[in-house]
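Each remark here refers to the structure printed beneath this line.
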Amino acid sequence: MATTNQNGGNRRPRGGRIRAGSSRRAQSEQTELHLLRTATWLFSERGFHGTGIRDIADAAGVAVSAMYYYASSKDELLEAVMRRTLDVLVSSGEETLRDVADPAERLAAVIASHVAFHARNPRAAKVADHEFHALTGQVRQDILQQRDAYETVWSSILSAGVHDGTFKDRGTVARLALLQMTTGVAHWYRPHGELKIPQLCERFAEMGLALMGASREGRALEACDVNLPDTQLLLRRAELTIEPREKPTGL
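So this is what it looks like as C-alpha cells:
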C-alpha cells in the first residue's frame, strides 16, 4: 500500500498505511480495513494463489480501480495482513511475558498467549501460517526474521527451564511440537464448542508443562501450580482489527 512522498516518489510504508489526507482519513481507514478483512477471509479460504485481485474487490464491494488507491497488488495486501498479524502476535506475547521470570510460568504464559491469539484470530493466523511461501524478496526476509525472533523466545524459555532443572531436555523438537500444537487451534477451535478460551488456555498450558516434564522438588507441575495470565487481558492484547468476524457481504 503505497504513499507518495513530497518529491513525487513512491514510498511503501510498513503494514500498508493509507494515503488519504486528514479530511478523508477516517473513511479511507475504514475502507482499507474492510479490504484487509476481505482479503484475509479469501486468503484463508482459497489461499493466496487461488484468490485474484478482482475476487477481493467484488467481495468487498469496491471497484478494482479504487482498490489500487490502497494497494498496488494482492501481494501488497498479503504483506499488510502478514505484518499486522505478526505484530500483534509478537507484542501480545511480549506483554504477557513481561515481569515473569520462572521458566514454568513463562512457558504457561506464552502458551496461553499463543492459544488465545489463534482462537480469537483464526483466519489471520491461518494466512500468516500457510501463505508465507507466497512472499518474495525483502518482504519475505523481514517476515522470516520476525517469525524466527518469536520462536527464539520459546527456545530461550525451554533452555532456561532445562538449565535450572525445571524441564527435561527434549531437544529442539520440543519447541516445534509446542508451536505446532498451539498453532493448530486456529484450524479447529469454535467459540460455541465444548471449551471456552480460558479453559482452552489452561488445558494447553498443562499439556505444555507435561510435554516438558516440568517439575519442582520432584513433583510434576500442573497448570494449577503456576500463575496463568488473565484470559480477558490476553484477549484484549490479541485483538486484531483485520480479523474478519463475519463473511464478506459480497460473497
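Residues in the sequence shown are numbered consecutively from 1448, following the working numbering.
The beta-carbon is built from N, C-alpha and C at its ideal position, and this holds for glycine as well.
| task | Can you say whether Ser1491 is buried or exposed, counting buried as having 16 or more other CB atoms within 10 angstroms of its CB? | result | buried
Worksheet entry | Under the three-state DSSP convention, the category Ser1520 falls into | coil
Fill in: Sequence ranges, alpha helix (DSSP H) only - wholly within the region 1539 to 1606, length at least 4
1550 to 1567, 1569 to 1577
DSSP three-state assignment for Arg1667, whether helix, strand or coil: Residue identity differs from the one stated: residue 1667 is Ala in this sequence, not Arg. Strand at Ala1667.
Sufficient close CB pairs (3 or more, under 8 Å) joining the region 1563 to 1572 to the region 1508 to 1516
no
Between the region 1655 to 1672 and the region 1587 to 1595, are three or more C-beta pairs nearer than 8 Å?
-> no
| C-alpha gap between Gly1540 and Pro1695, whole angstroms | 30 Å
- prompt: Based on the DSSP output, what are the partners of Ser1475 in its beta bridges?
  reply: In the DSSP output, where bridge partners are listed per residue, Ser1475 has none listed.
If Ala1575 and Thr1543 are in contact, beta carbons under 8 Å, what's the gap, nearest whole angstrom? No, Ala1575 and Thr1543 are not in contact; Cβ-Cβ is about 18 Å, not under 8 Å.
Determine contact between the region 1600 to 1610 and the region 1638 to 1649, defined as no fewer than three beta-carbon pairs at a distance below 8 Å. no
Next on the checklist: On the CB-based measure, 16 or more other CB atoms within 10 Å of its CB, does Ser1560 come out buried or exposed?
Outcome noted: buried
Inset, instruction - Enumerate in chain order the residues of its own chain whose CB-to-CB distance from Val1547 is below 7 Å, with the five nearest sequence positions on each side excluded. - result: Arg1553, Ala1556
Starting from Ser1662, follow its DSSP beta bridges and name the residues at the other end.
Ala1667
### Query
Can you list, in chain order, the residues of its chain whose CB lies under 8 Å from that of Leu1682, leaving out five sequence neighbours each side?
Ala1563, Arg1567, Ile1644
**Item:** Contact set for Gly1697: own chain, Cβ-Cβ below 8 Å, skip 5 residues either direction
**Value:** Thr1485, Asp1505, Ala1506, Ala1507, Gly1508
Would DSSP call His1496 helix, strand or coil?
coil
### Query
Nearest-angstrom Cα distance between Leu1536 and Ser1512?
32 Å
| request: Closer than 8 Å by C-beta to Trp1601: which residues in its own chain qualify, once you throw out the five before and the five after it? Chain order, please. | output: Val1557, Arg1622, Leu1625, Leu1626
Worksheet item: In terms of residue numbering, what span does the alpha helix (DSSP H) encompassing His1634 cover?
Response: 1632 to 1635
Rounded to the nearest angstrom, what separates Asp1502 and Arg1493 at their Cα positions? 11 Å
In chain order, what residues of the same chain have a beta carbon less than 6 Å from the beta carbon of Asp1616, not counting five sequence neighbours either side?
Val1609
task = Figure out for me which residue from Glu1523, Tyr1516, Tyr1515 has the closest Cα to the Cα of Phe1495.
result = Glu1523
Check your understanding: Whose C-alpha, out of Tyr1517, Gly1499, Ile1500, is nearest the C-alpha of Gln1477?
Key -> Tyr1517
Which residues in the same chain have their Cβ closer than 6 Å to the Cβ of Asn1454, if we skip the five residues on either side of it in sequence? With a pLDDT of 41 at Asn1454, under the threshold of 50, the modelled position of that residue is not reliable, and the figure given next carries that caveat. Nothing listed; no residue qualifies.
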